[in-house]
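Chemist: Numbers given in the working numbering equal positions in the sequence shown, counted from 1, plus 1. Glycine is no exception: its CB is placed at the ideal position from the N, C-alpha and C atoms. After the structure tokens below, expect a handful of questions from me.
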Amino acid sequence: MARVHNYYAGPAALPLETLEAARDELLDFQGSGVSVMETSHRSKEYDQVHNETIELIKELMGLGDNFKVLLLQGGASLQFAMVPMNLIGPGQSADYILTGAWSQSAIKEAKIIANARVAATTEKDGVFRSIPKQSDLELDPNAAYCHLTSNNTIFGTQYRQFPDTNGVPLVADMSSDILSREFDPAPFGLIYAGAQKNLGPAGLAIVVIRNDMLEKVNKGLPTFLSYTTHADKNSLFNTPPCFTIYMTNKVLNWIKKRGGVEAMEAENIAKGKLIYGAIDGSNGFYRNNIPHKDRSLMNVVFRLTSEQLEKKFVAEALEASFVGVKGHRSVGGIRVSMYNANGLDSIKDVVDFMNDFAAKNG
Ligand SMILES: *Cc1c(COP(=O)(O)O)cnc(C)c1O
């Protein structure tokens, strides 16, 4: 069996042992004689998976009882609309901090629904290379919330420290760095993430909502689009994406077994040191011009000295069994996405490849 090094940005690599476990019980889930894909979402077997998944998210994120975890569909993209639909009250507006393509998509949807304003942007000539400083934020003290993208999957930047909004609830799209590091959830009114980067397969969006936000949810929304529906029904209002939730459950258990988010964070920092060290130590062969404090530990983007050389890099990487290293089509260059499932050993291998490639072509 030939498993390659997988650096796709999403859907992305899953821990090998979660795939093996799923394979082993694919035909007969826990002695039920059916696959978990074939069982009722009201069966006791599925119910256990569902509730344990919610509990594991709470435990791993360190969420108190003042937060609810919802398992929804429609990806992070539906949350771009559901967040303003549910949380911007009549006559209110929301703040958005723009740090990349995904936060631009989020504000675009918000503006269809209600008033949304830009509290800060780091856009310059169509690209985003940094995270704004606290002093760059022009915050509306009456905003319903302040939205940010914690990790910019395309531009390779990431918040190290979340902004102080003086009591205005933070809302965060954590699609590409959820469960990659520890943080204090207290200032967050809502956190959402598509599963397919750091949690599991595509088809699931996780929404963490604080109870006081849930109480403020707008009335009169279509049933399915209201957070209240899913909170009241424990995310079983209709058929959930059972198999995706089951795989996510396996990934969550894998994280827990390996020492939780604290251990993931330590490894992610070590991975970052290694690969950024190789970039910075390459005498300009590899270039990443993001301020060090804003560099993403999840998506490492860099350029070579010409597009021709970048093409060669991608082709030779593929030959050496490194897939998914081509940068996002909107920005070009190289991107190595290294979520929790890409361990330190895998990053050591790609760094060896980078060093060899630089030596041969520099
Ligand atoms: C991938 C991604 C999205 C889009 O997620 P979908 O689940 O495909 O809608 C949104 N935000 C961020 C930060 C992402 O990385």
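Is serine 181 near ligand 1, in the sense that its beta carbon is under 8 Å from a heavy atom of that ligand?
Modeler: Taking the sequence shown and counting its residues from 1, the one referred to as residue 181 is at position 180. False, no ligand heavy atom lies under 8 Å from that Cβ.
Chemist: Would you say the region 311 to 322 touches the region 241 to 249, given that touching needs at least three Cβ pairs under 8 Å?
Modeler: No, the region 311 to 322 does not touch the region 241 to 249.
Chemist: Using only CA atoms, which one of Gly334, Ser283, Asn300, Asn235 lies nearest to serine 307?
Modeler: Along the sequence shown, one-based indexing puts residue 307 at 306. Nearest option by C-alpha distance: Gly334.
Chemist: Let me know the secondary structure DSSP gives leucine 153 once reduced to three states.
Modeler: Residue numbering aside, residue 153 sits at position 152 when the sequence shown is read from its first letter. The sequence shown places asparagine at residue 153, not leucine. Strand.
Chemist: Tell me, which residues are paired with serine 94 by DSSP?
Modeler: Start at 1 with the first residue of the sequence shown, and residue 94 comes out as number 93. DSSP, once it has assigned bridges, lists Asn116 as partnering serine 94.
Chemist: Run through DSSP, which three-state label would tyrosine 8 get?
Modeler: On the sequence shown, residue 8 is found 7 positions in, with the first residue counted as 1. Here tyrosine 8 sits in coil by DSSP.
Chemist: Does DSSP put aspartate 357 in a helix, a strand or coil?
Modeler: Working through the sequence shown from its first residue, we reach residue 357 at position 356. Helix.
Chemist: Taking the alpha helix (DSSP H) that tyrosine 277 belongs to, which residues open and close that run?
Modeler: Along the sequence shown, read from residue 1 onward, the residue named residue 277 stands at position 276. 261 to 281 is the span of the alpha helix (DSSP H), which, as asked, contains tyrosine 277.
Chemist: Comparing the CB of aspartate 395 with every heavy atom of ligand 1, is any distance shorter than 8 Å?
Modeler: Here the chain has residues from 2 to 363 only, and residue 395 is not among them.
Chemist: Taking C-beta to C-beta, are serine 338 and alanine 10 nearer than 9 Å?
Modeler: As a position in the sequence shown, residue 338 is number 337, starting the count at 1. As a position in the sequence shown, residue 10 is number 9, starting the count at 1. For serine 338 and alanine 10, yes; Cβs fall inside 9 Å.
Chemist: Between Asp137, Phe129, His148, which lies nearest to glutamate 110 when the distance is taken from Cα to Cα?
Modeler: For the purposes of this step, residue 110 is identified with residue 109 of the sequence shown, where counting begins at 1. Nearest C-alpha to glutamate 110: His148.
Chemist: Using only alpha-carbon positions, find the residue among Asn87, Glu60, Ile55, Ala3 that is nearest to lysine 220.
Modeler: Residue numbering aside, residue 220 sits at position 219 when the sequence shown is read from its first letter. With distances taken between Cα atoms, lysine 220 lies closest to Asn87.
Chemist: So, for serine 41: in the same chain, excluding its five sequence neighbours on each side, which residues have a beta-carbon less than 8 Å away from its beta-carbon?
Modeler: Residue numbering aside, residue 41 sits at position 40 when the sequence shown is read from its first letter. Excluding sequence neighbours, serine 41 sits near Tyr47.
Chemist: So does the region 31 to 41 actually touch the region 131 to 139, counting three or more Cβ pairs closer than 8 Å?
Modeler: no
Chemist: So does the region 148 to 159 actually touch the region 98 to 106, counting three or more Cβ pairs closer than 8 Å?
Modeler: yes
Chemist: State buried or exposed for proline 142, treating a residue as buried only when at least 16 other CB atoms are found within 10 Å of its CB.
Modeler: The count along the sequence shown starts at 1 and reaches residue 142 at position 141. Proline 142 comes out exposed.
Chemist: Assign aspartate 357 to one of two classes, buried (16 or more other C-beta atoms within 10 Å of its C-beta) or exposed (fewer than that).
Modeler: As a working note, residue 357 is residue 356 in the sequence shown. Aspartate 357 comes out exposed.
Chemist: Let me know if isoleucine 207 comes out buried or exposed under the rule of 16 or more other beta-carbons within 10 Å of its beta-carbon.
Modeler: As a first step, residue 207 is located in the sequence shown; it is residue number 206 there, counting from the start. Buried, since its Cβ has 16 or more Cβ neighbours within 10 Å.
Chemist: With respect to 8 Å, is the separation between the Cβ of aspartate 174 and the closest non-hydrogen atom of ligand 1 below this value?
Modeler: For the purposes of this step, residue 174 is taken as residue 173 along the sequence shown, with counting starting at 1. Checking the Cβ of aspartate 174 against ligand 1 gives yes.
Chemist: Within the same chain, show all residues whose beta-carbon is closer than 6 Å to that of alanine 232, passing over the 5 residues directly before and after it, in chain order.
Modeler: Reading the sequence shown from its first residue, position 231 is the one you call residue 232. Counting only Cβ-Cβ distances below 6 Å, and skipping sequence neighbours, we find Lys69, Leu215.
Chemist: Tell me whether glutamate 124 sits in a helix, a strand or coil according to DSSP, three-state version.
Modeler: For the purposes of this step, residue 124 is identified with residue 123 of the sequence shown, where counting begins at 1. Reduced to three states, the DSSP call for glutamate 124 is strand.
Chemist: Looking only at its chain, what residues have a beta carbon closer than 6 Å to the beta carbon of tryptophan 255, apart from the 5 residues adjacent to it on each side?
Modeler: In the sequence shown, residue 255 corresponds to position 254, counting from 1. Only Pro16, Thr19 meet the Cβ criterion.
Chemist: Would DSSP call arginine 330 helix, strand or coil?
Modeler: As a position in the sequence shown, residue 330 is number 329, starting the count at 1. It is coil, neither helix nor strand.
Chemist: Short check: CB of leucine 298 to CB of asparagine 343, under 9 Å?
Modeler: Sequence index remark: in the sequence shown, residue 298 carries index 297 (1-based). Sequence index remark: in the sequence shown, residue 343 carries index 342 (1-based). The answer is no: Cβ separation not under 9 Å.
Chemist: What does DSSP give as the partner residue(s) for isoleucine 246 in the beta ladder?
Modeler: Position 245 of the sequence shown, counted from the first residue, corresponds to residue 246. Paired residues: none, contrary to the question.
Chemist: When DSSP labels each residue in this structure, what does histidine 51 get in the three-state scheme?
Modeler: Counting from one through the sequence shown, the residue named residue 51 turns up at place 50. Three-state DSSP puts histidine 51 in a helix.
Chemist: Should alanine 77 be counted as a contact of ligand 3 given a C-beta to heavy atom distance under 8 Å?
Modeler: Absence of ligand 3 from the depicted structure is noted, with ligand 1 being the only ligands included.
Chemist: What is the DSSP secondary structure of asparagine 199, reduced to helix, strand or coil?
Modeler: As a first step, residue 199 is located in the sequence shown; it is residue number 198 there, counting from the start. Correct three-state label for asparagine 199: coil.
Chemist: Check whether the Cβ atoms of arginine 336 and asparagine 300 sit closer than 9 Å, and answer yes or no.
Modeler: In the sequence shown, residue 336 corresponds to position 335, counting from 1. In the sequence shown, residue 300 corresponds to position 299, counting from 1. Yes, the pair counts as a contact, with Cβ atoms nearer than the cut-off.
Chemist: Which residue wins for smallest C-alpha separation from arginine 130, given the options Glu311, Lys45, Val302?
Modeler: Residue numbering aside, residue 130 sits at position 129 when the sequence shown is read from its first letter. Per the Cα distances, Val302.
Chemist: Where serine 236 and serine 227 are concerned, what is the direct C-alpha to C-alpha distance, given to the nearest angstrom?
Modeler: Numbered from 1 along the sequence shown, position 235 holds the residue referred to as residue 236. Numbered from 1 along the sequence shown, position 226 holds the residue referred to as residue 227. Each residue's alpha carbon lies about 11 Å from the other.
Chemist: Measuring CB to CB, does serine 181 end up less than 9 Å from asparagine 167?
Modeler: Stepping through the sequence shown from its first residue, residue 181 is reached at position 180. Stepping through the sequence shown from its first residue, residue 167 is reached at position 166. No. Outside cutoff.
Chemist: Taking Cβ positions, are valine 324 and isoleucine 276 nearer each other than 9 Å?
Modeler: By 1-based counting over the sequence shown, the position of residue 324 is 323. By 1-based counting over the sequence shown, the position of residue 276 is 275. It is not a contact, given that the beta carbons lie outside the stated cut-off.
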